[in-house]
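For the sequence shown, my numbering assigns the number 480 to the initial residue and increments by one for each residue that follows. All residues carry an ideal CB built from backbone N, CA and C; glycine is no exception.
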Amino acid sequence: MKSSDSSKKYFIYGLKRQLVEFIKFDFNFLKLPVSVLYNFKVLYFLLTKQEHKMLDCAAGLYRTGWLGSKHFIILLMKRLFKKQHNNAFANQFLASLIDSTVPLDNTKKFFDDPAALFPGVFIVLRQASDSSKGVLLIKYSYYFPLFFKLFDVVAIAKRYHIVLEPSWAGTCEAGIMAFATLEEPVFVMAYENRDYDYLAGIETNLVPVRLSSNWWVDHRNFSNDQQLDKEIDIAVVSSWANFKRHYFIFKALSKIKQQRPLKVSLVGYPADMTMADIQDMVDAFGLTDNVQIQEWLPPEEVSNILQRSKIHLLWSRFEGLNRSIIEGMFCGTPCILREGFNYGQKYPYINEQTGIFSSEGQLAANITHMLDNYTEYSPREYVMANHTPEIATQILHQKIKQFEVPQSASAELAFKVNALHGMAYMDKELQTHFDGDYQFILSKLKVAS
């Protein structure tokens with residue numbers, strides 16, 4: 480690093496991040512005593528009738544993946560949300576969740592204008608009719624409680640199949656469990672084996688579907704122009720956030736820089752860090768001349784950077800199923816993903832055609848090897864054949880068909896895509912096609928929302 484002040488500052492920062500990660504992610508098989516303590520805390524909130532706190536605590540424990548964090552929580556949720564008349568716990572929990580859902584910076588505009596939810600957050604994929612239920616998909620976990628706050632969900636669920644697209648790994652959470660209070664099946668994207676097993680294990684109306692948010696990338700916006708020169712070594716597309724682990728990326732890059740020329744492009748947007756924070760860290764590692772930082776780029780410019788890059792790097796340890804690595808693959812750019820990402824599942828879309836998993840200690844060596852061999856990968860061919868919105872729509876459609884009577888199962892679903900700021904129809908003309916459905920949903924707004 481450059482100055483002694485910077486060295487000290489980021490040495491301390493690195494130690495703190497390592498400590499946090501050690502507690503959260505490392506040696507999970509040794510954390511049974513901590514899990515047991517949290518299980519007792521869950522029971523305390525349950526016995527003292529603090530239903531919302533109980534579920535938040537259970538969700539936090541379940542998400543960790545620690546030994547002892549799974550089976551007890553599954554058994555407890557199965558018992559608490561068991562379908563029966565006058566389920567006092569479920570009713571009280573839902574009332575508490577609705578009461579605690581108040582306008583925040585990212586939701587206030589929807590309290591003021593609920594119609595703004597369509598189609599970026601709530602999108603209709605199939606029209607409802609007298610003979611067939613429609614399909615309504617809701618994206619982003621933090622908007623799930625908002626649905627119950629603003630709308631008569633029971634009435635909507637009678638006319639529409641509801642599909643949930645969570646933001647993060649870990650499907651035991653209050654916003655998702657709220658939908659377990661309904662009678663109708665609710666379809667929940669759960670690509671992680673742990674999350675799929677959880678939803679299947681609690682035996683409620685929540686139906687797991689092996690999909691995630693990264694299935695819905697609009698490949699029309701991320702092409703692979705063979706004429707573009709691969710003059711960028713590494714692209715990192717992510718928010719400016721501590722969990723994205725830029726510090727550890729720069730630590731590896733500073734080693735590689737000593738051995739070869741290096742050109743890196745960072746693309747992001749503010750989260751719990753700013754672009755200035757990232758630039759300061761880049762400078763501290765002596766990478767000022769190697770790293771270009773850009774913010775809030777439109778999809779076509781992100782695509783251009785990814786197409787000109789040899790490698791796309793994602794180095795977080797836990798989040799949802801990241802969209803940007805699939806965007807990179809559509810651009811013909813192989814990826815490196817951290818070994819043990821989320822719950823350590825080996826995703827089929829990380830393979831010999833598309834990229835590799837890497838350990839922390841081998842990151843610099845793996846980057847170097849891939850830079851020398853990036854032409855051996857063919858990621859676009861793989862994802863075009865196996866991981867597109869069209870394929871995802873068929874997977875979802877087939878799952879929904881299992882819960883429909885035969886005469887209503889023939890209606891196809893509209894194709895939707897995900898972008899940085901929400902969802903849209905692949906065919907833009909479909910927006911007006913579903914006007915009647917959106918009007919019906921808005922008619923179910925609660926009077927005192």
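Residues sharing a beta bridge with residue i, DSSP
i, result
"Ile552", "Per DSSP, none; premise fails for Ile552."
"Gly834", "Cys814"
"Ala636", "Looking at the DSSP assignment, Ala636 forms no beta bridge with any residue, so it has no partner."
"Leu643", "Ile617, Val667"
"Val926", "Beta-bridge pairing links Val926 to no other residue."
"Arg605", "Val614"
"Val581", "BP columns for Val581 are empty, so no partner."
"Met902", "Asn897"
"Val600", "In the DSSP output, where bridge partners are listed per residue, Val600 has none listed."
Beta-carbon proximity check, residue i vs residue j, cutoff 9 angstroms
i, j, result
"Leu643", "Ile617", "yes"
"Ile846", "Gly834", "no"
"Leu776", "Ile757", "no"
"Asn693", "Ile804", "yes"
"Ala569", "Ala659", "yes"
"Ser782", "Ser702", "yes"
"Asp697", "Ala893", "no"
"Leu525", "Leu554", "no"
"Tyr904", "Pro598", "yes"
"Ile713", "His791", "yes"
"Leu800", "Val716", "no"
"Met760", "Glu774", "no"
"Val603", "Lys878", "no"
"Phe589", "Leu629", "yes"
"Phe882", "Pro645", "no"
"Asp916", "Gly544", "no"
"Phe820", "Leu793", "yes"
"Gln606", "Ala890", "yes"
"Glu500", "Trp647", "no"
"Ser514", "Gly547", "yes"
"Ala574", "Glu652", "no"
"Phe560", "Glu530", "no"
"Thr911", "Pro858", "no"
"Tyr675", "Gly654", "no"
"Leu596", "Val633", "no"
"Arg689", "Ile874", "yes"
"Phe729", "Leu766", "yes"
"Arg650", "Lys557", "One detail in the question is off: residue 650 reads as Thr in this sequence, not Arg. Going by C-beta atoms, Thr650 is not nearer than 9 angstroms to Lys557."
"Glu779", "Asn700", "yes"
"Tyr541", "Lys532", "no"
"Lys742", "Ile711", "yes"
"Phe919", "Arg638", "yes"
Residue i CB to nearest heavy atom of the ligand NAP below 8 angstroms
i, result
"Asp704", "Of ligands this structure carries none, so the ligand NAP is not represented either."
Residue range of the alpha helix (DSSP H) that includes residue i
i, result
"Asp884", "A small fix is needed here, since residue 884 is Val in this sequence, not Asp. No alpha helix (DSSP H) contains Val884, which DSSP labels as neither H nor E."
"Asp906", "Segment: none, Asp906 is in no alpha helix (DSSP H) and carries neither H nor E."
"Pro687", "Taken as a continuous stretch (DSSP letters only), Pro687 belongs to no alpha helix (DSSP H), being part of the beta strand (DSSP E) at 685 to 688."
"Val862", "858 to 865"
"Ser691", "Neither: Ser691 is in no alpha helix (DSSP H) and is coded neither H nor E."
"Phe589", "587 to 591"
"Ser673", "Per the sequence shown, residue 673 should be read as Arg rather than Ser. From DSSP, the alpha helix (DSSP H) with Arg673 extends over 672 to 680."
"Glu662", "Glu662 -> no alpha helix (DSSP H), and no H or E assigned at all."
"Leu629", "623 to 629"
"Ser702", "Counting along the chain, Ser702 falls outside any alpha helix (DSSP H), and DSSP gives it neither H nor E."
"Ile805", "803 to 809"
"Ile655", "653 to 656"
Residue range of the unbroken beta strand (DSSP E) whose run includes residue i
i, result
"Asn897", "895 to 898"
"Gln841", "First-last for Gln841: undefined, no H or E at that position."
"Ile711", "711 to 716"
"Gly613", "613 to 618"
Cβ of residue i within 9 angstroms of any chain B Cβ
i, result
"Leu792", "As a matter of chain content, chain B is missing from the structure shown, which is built from one protein chain."
Subject >> alpha helix (DSSP H) runs contained entirely in the region 487 to 557, provided each spans 4 or more residues >> reply: Runs of the alpha helix (DSSP H) inside the region 487 to 557: 511 to 526, 530 to 543.
**OP:** Output the residue ranges of the beta strand (DSSP E) runs that lie fully inside the region 720 to 794 and measure 3 residues or longer, sorted by chain position.
**Re:** You should have 743 to 747, 770 to 774, 788 to 793.
**OP:** Could you say if the region 789 to 809 and the region 855 to 868 meet the contact criterion of at least three C-beta pairs nearer than 8 angstroms?
**Re:** The region 789 to 809, when compared against the region 855 to 868, does touch it at the 8 angstroms Cβ threshold.
**OP:** Check whether the region 709 to 724 touches the region 746 to 754, counting contact only when three or more Cβ pairs, one atom from each stretch, lie closer than 8 angstroms.
**Re:** Yes: the two stretches touch, three or more of their Cβ pairs being nearer than 8 angstroms.
Original post:
Taking contact to mean at least 3 C-beta pairs separated by less than 8 angstroms, is the region 575 to 591 in contact with the region 819 to 836?
Top reply: Short answer: they don't touch.
Original post:
Per the contact definition of three or more C-beta pairs closer than 8 angstroms, is the region 848 to 857 in contact with the region 821 to 829?
Top reply: Judged by Cβ distances under 8 angstroms, the region 821 to 829 makes no contact with the region 848 to 857, as fewer than three pairs qualify.
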